[in-house]
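Novice: In the numbering used here, the protein residues as written are 14 to 374. All C-beta atoms, glycine included, are put in the ideal place defined by N, C-alpha and C. Small disclaimer: the values here were computed from a predicted structure and weren't measured. Next up is a structure, given as structure tokens.
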Amino acid sequence: MKAKAAILEEFKKPLVIRYVEIPPLLEGSILVKMVSSGICGSDIHMVDGEDPRVPIPIILGHEGVGEIVEINGEKKDLNGEILKRGDLIIWNRGVVCGECYFCKVLKMPYLCENRKIYGINRSFKEYPHLSGAYADLIILEEKTEILKLSPNTDPDVIVMAGCSGATAVHAIDALGDNLLDKTVVVQGGGPLGIFALALAKFQGAKNTILITGSSFRREIAEKIGVDMILDRNMSAEERVNKILDITYGRGADIVIEATGTNKAVPEGLRFLRKGGTYIIAGVASPQEKVPIDFYEVSSKNITIKGVWVSDAEHFKKAVSFVEKHQDLFATLITHKISLDEINYGLDLVRERKAGKVVITY
Ligand code: ZN
Ligand code: ZN
């Protein structure tokens, strides 16, 4: 038996389908048959060689759901359940060491110095080789954090909890406050932004506002009941004024950047009230710098907080949130494709012509 994998062999080039050997399973490893994987906006930066973490050749794909084929040894999931062949599972894309300063002393495992990420920083040349979700089989190593899913869970929907869902939970948790009576602006209507809006809404935010230039993302936001949608085609002045209008001239309590671009930041600062908090959650690759007016930051007493990836807690919360609202999150999926169509799927995401693109196997 061989695995079928889509491999990035050269940056800026299409992925290539190859049939590859399945290596023996080391102690504690699990062989998983992929059922669903999700294309993430960050995959585009990886294909283009803009993400310094990515080696080539590599099997990309860091959002996955699959069925256990074989386990070498005993392995429990995050709820303490013993995993067995045939179980439907989802896993945390990041595998942390538990030993470094950030894991052990600061208890911020998302900053682990040895964090290995399926489909992002694991070369196809190194064991277990099958370490990305864009293949019909993946090997999960011993320290992988796994959740067993109920057979009623829709794998195509739950798969998005693994990256954008978990990062959105991290962004909201980073506020460290409840959202009752708060006005929350989210810049960017991709999966990360929609998740953040849904979380803010379910946590009782008074006003949830999305900034987007895309008509179908607007439709998705409407379905999840976002209170106000401001178009990117308006002038920045108009957008700022609309937010001031509904906040008694003060501005938003919280702004969340979920666009993936530095360019959103100067405008995001203008949306904030004095003493407000700006969360940068979408920017995930180095890019052109933008000028920031730090007088605006100090005179408004603004907190700017970066949010990097997610940990087991965020992951588990995201899975439970999506499981509870599967119908809602199903509306994010605009395309289901096969592994053979992976390059088409990446193009859809690159051209921002899709909500969530899911690969089914
Ligand atoms: Zn991602
Ligand atoms: Zn660590």
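1) What do you reckon, are the CB atoms on His327 and Val182 nearer than 8 Å?
2) Who are the near neighbours of Ala13 in its chain, counting only those whose CB is closer than 7 Å to its CB and skipping five residues on each side?
3) Using a threshold of 7 Å, is the CB atom of Glu76 nearer than that to any non-hydrogen atom of ligand 1?
4) Let's test the definition: count the other Cβ atoms within 10 Å of the Cβ of Val303 and tell me whether it reaches 16, buried, or not, exposed.
5) Beta-carbon separation of Gly54 and Gly202 under 8 Å?
6) Can you grab the Cα-Cα spacing for the pair Leu243 / Cys110, in whole Å?
7) When a residue counts only if its C-beta is closer than 5 Å to some heavy atom of ligand 1, which residues count, in chain order?
8) Ligand 2 and Val109: does any heavy atom of the ligand fall closer than 7 Å to the residue's C-beta?
9) Answer yes or no: the CB of Glu375 versus the heavy atoms of ligand 2, is any distance below 7 Å?
10) Are the beta-carbon atoms belonging to Ser298 and Tyr123 less than 8 Å from one another?
11) Just list the residues that DSSP pairs His348 with in beta bridges.
12) Within the chosen definition, does the segment 135–147 reach the segment 329–343 through at least 3 CB pairs nearer than 8 Å?
13) Let me know if Lys369 comes out buried or exposed under the rule of 16 or more other beta-carbons within 10 Å of its beta-carbon.
14) By Cβ distance below 7 Å, which residues in the same chain neighbour Val332 in space, the five residues on each side in sequence not counted?
15) Assess, as a yes-or-no matter, whether the segment 190–199 is touched by the segment 212–225 under the definition of 3 or more beta carbon pairs within less than 8 Å.
16) For Gly238, which residues from the same chain have a beta carbon less than 7 Å from its beta carbon, with the 5 sequence-adjacent residues on both sides left out?
17) According to DSSP, is Leu285 helix, strand or coil?
18) Do the segment 55–75 and the segment 137–156 touch if we need at least three Cβ pairs shorter than 8 Å?
19) Please report the residue range of the alpha helix (DSSP H) in which Ala181 lies.
20) What span of residues does the beta strand (DSSP E) with Gly77 cover, start to end?
21) To the nearest whole angstrom, what separates the beta carbons of Glu155 and Glu280, a pair I think is in contact under 8 Å?
22) Given 7 Å as the limit, tell me if Glu126 has its C-beta closer than that to any heavy atom belonging to ligand 2.
23) Report the three-state DSSP secondary structure of Tyr291 (helix, strand or coil).
Specialist: Short version:
1) yes
2) Outside the modelled stretch of the chain, which goes from 14 to 374, sits residue 13, for which no answer is possible.
3) yes
4) A residue is called buried once 16 or more other Cβ atoms fall within 10 Å of its Cβ, and Val303, having fewer, is exposed.
5) Going by beta carbons, Gly54 and Gly202 fall outside the 8 Å limit.
6) 42 Å
7) Cys53, Ser55 and Cys176
8) Yes, since a heavy atom of ligand 2 falls inside the 7 Å radius drawn around the Cβ of Val109.
9) Outside the displayed span of the chain (14 to 374) sits residue 375, for which this structure offers no information.
10) no
11) Val370
12) no
13) buried
14) Ile103, Leu160, Ile171 and Ala174
15) yes
16) Lys214
17) In this structure, Leu285 counts as strand in the three-state DSSP scheme.
18) Touching, yes, given that three or more Cβ pairs across the two stretches are closer than 8 Å.
19) Ser177 to Asp186
20) Gly77 -> beta strand (DSSP E) spans Gly77 to Ile84.
21) Not quite, the Cβ-Cβ distance comes to about 45 Å (not below 8 Å), so this is no contact.
22) yes
23) In the displayed model, Tyr291 falls within a strand according to three-state DSSP.
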